[in-house]
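A.B. asks: Protein chains in written order, with the numbering used here: chain A, 1 to 115; chain B, 1001 to 1116.
Think of the CB as a built atom: it goes at the ideal place given N, C-alpha and C, for glycine as much as any other residue.
Attaching a single structure in structure tokens format; questions to follow.
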């Protein structure tokens, strides 16, 4: 079965420190991987994606993610966290088979950045 | 270019009533997806539609739920005879190309359904 796991319900970091939000996946075939952010009572905003090519992907708001095929991971990173980065982050994988375009989401990780 | 639009943003229904949620995809997008987010949970896929076609409804409950995306007008997610367990945020997303492509999905702000 295809799945995405975000092992941490919450990540706490101090402003200015680097942050990492973890994601691992289990799919058959080559995955397309995505990170989205959700602010309270809002929809999801796209941050970045990995399709193919360079394992380090750069996205919006200074975020980046590293694809590691051997560890089946796609961790989200940022060198210096901001208080405004506090939000709920979702990792997702698109199943690339048949006619489906559906995304499978992890359960989400709440990022809390303290001043 | 307006984003994905959903209305209403908030919907309150009593048990047994019908709920209709509407989604207008981004301009130029012909692929629509519906997801449901239960409290304290991630998003779960419900259905994937193209104009006048349901492509994948593997995530839809077997009863009371239906979806359509007509040739003209928004996509509609319809829930008949709502129950308290239907209370959730329902998100619509759209993308411009065929399923399996590398295009990301763009999400609307969601409709928060409360069943009393």
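Under a Cβ-count criterion, where at least 16 other Cβ atoms within 10 Å of its own Cβ denotes burial, should residue 966(B) be classed as buried or exposed?
C.D. replies: Given a span of 1001 to 1116 for chain B in the structure shown, any question on residue 966(B) remains unanswerable.
A.B. asks: Pop quiz: residue 101(A) and residue 1106(B) are said to be a contact at Cβ under 8 Å. What is the actual Cβ separation, rounded to whole angstroms?
C.D. replies: Between residue 1106(B) and residue 101(A) the Cβ distance is about 13 Å, and since that is not below 8 Å, they are no contact.
A.B. asks: Output yes or no for whether 8 Å exceeds the beta carbon distance between residue 113(A) and residue 25(A).
C.D. replies: Going by C-beta atoms, residue 113(A) is not nearer than 8 Å to residue 25(A).
A.B. asks: Under 8 Å, Cβ to Cβ, is there at least one residue of chain B near residue 44(A)?
C.D. replies: Yes, because at least one Cβ of chain B sits closer than 8 Å to the Cβ of residue 44(A).
A.B. asks: Determine the chain D residues that contact residue 1045(B) at a beta-carbon separation under 9 Å, and present them in chain order.
C.D. replies: Here chain D cannot be found, since the structure's protein chains are A and B.
A.B. asks: If you measure beta-carbon to beta-carbon, which residues of the region 26-40 of chain A are closer than 7 Å to chain B?
C.D. replies: From the region 26-40 of chain A, only 32 and 34 have a Cβ closer than 7 Å to chain B.
A.B. asks: In the structure shown, what three-state DSSP assignment does residue 1022(B) receive?
C.D. replies: Residue 1022(B): strand per DSSP, three-state reduction.
A.B. asks: Between 1(A), 63(A), 71(A) and 7(A), which lies nearest to residue 78(A) when the distance is taken from Cα to Cα?
C.D. replies: Here the closest residue by C-alpha is 63(A).
A.B. asks: Below 8 Å between beta carbons is the criterion; list the residues of the region 1038-1072 of chain B that meet it against any residue of chain A, in chain order.
C.D. replies: For the region 1038-1072 of chain B, which is checked against every Cβ of chain A, the residues closer than 8 Å are 1041, 1042, 1043, 1044, 1045, 1048, 1055, 1056, 1058 and 1059.
A.B. asks: Report back the beta-carbon spacing between residue 1110(B) and residue 106(A) to the nearest angstrom; my notes put them in contact at under 8 Å.
C.D. replies: 18 Å between Cβ atoms; not a contact.
A.B. asks: Please return the same chain residues whose Cβ sits closer than 6 Å to the Cβ of residue 128(A), not counting the five positions on each side in sequence.
C.D. replies: The displayed coordinates of chain A run from 1 to 115. Any statement about residue 128(A) would go beyond what the structure contains.
A.B. asks: Touch check for the region 1003-1023 of chain B and the region 1077-1089 of chain B: three-plus C-beta pairs under 8 Å?
C.D. replies: Taking 8 Å as the limit for Cβ pairs, the verdict is that the region 1077-1089 of chain B does touch the region 1003-1023 of chain B.
A.B. asks: Hey, how far is the Cα of residue 963(B) from the Cα of residue 1027(B)?
C.D. replies: The structure shown does not extend to residue 963(B), since chain B is modelled only from 1001 through 1116, so no value can be given for it.
A.B. asks: If you drop the 5 nearest sequence neighbours on each side, which residues of the same chain put their C-beta closer than 8 Å to that of residue 1067(B)?
C.D. replies: Around residue 1067(B): 1034, 1046, 1047, 1049, 1054, 1057, 1060, 1075, 1076, 1077 and 1078.
A.B. asks: Looking only at DSSP bridge pairs, what is residue 1068(B) linked to?
C.D. replies: For residue 1068(B), which the question treats as bridged, DSSP gives the partners 1076(B).
A.B. asks: Who does residue 20(A) pair with in a DSSP beta bridge?
C.D. replies: DSSP output for residue 20(A) lists 77(A) as bridge partner(s).
A.B. asks: Taking residue 1004(B) as the reference, give the member of 50(A), 46(A), 9(A) and 7(A) with the closest Cα.
C.D. replies: With distances taken between Cα atoms, residue 1004(B) lies closest to 46(A).
A.B. asks: Please name the residues in the region 1070-1090 of chain B whose beta-carbon is closer than 7 Å to at least one beta-carbon of chain A, in chain order.
C.D. replies: Against chain A - using a Cβ distance shorter than 7 Å - the region 1070-1090 of chain B contributes no residues.
A.B. asks: Taking the C-alpha atoms as reference points, what is the distance between residue 14(A) and residue 87(A)?
C.D. replies: In a straight line, the C-alpha of residue 14(A) is about 14 Å away from that of residue 87(A).
A.B. asks: Within this structure, are the beta carbons of residue 76(A) and residue 23(A) separated by less than 8 Å?
C.D. replies: Yes; because the gap between Cβ atoms is below 8 Å, this pair is in contact.
A.B. asks: Using a Cβ cut-off of 8 Å, pull out every chain B residue sitting near residue 59(A), in sequence order please.
C.D. replies: None at all; the shortest Cβ gap to chain B is about 10 Å.
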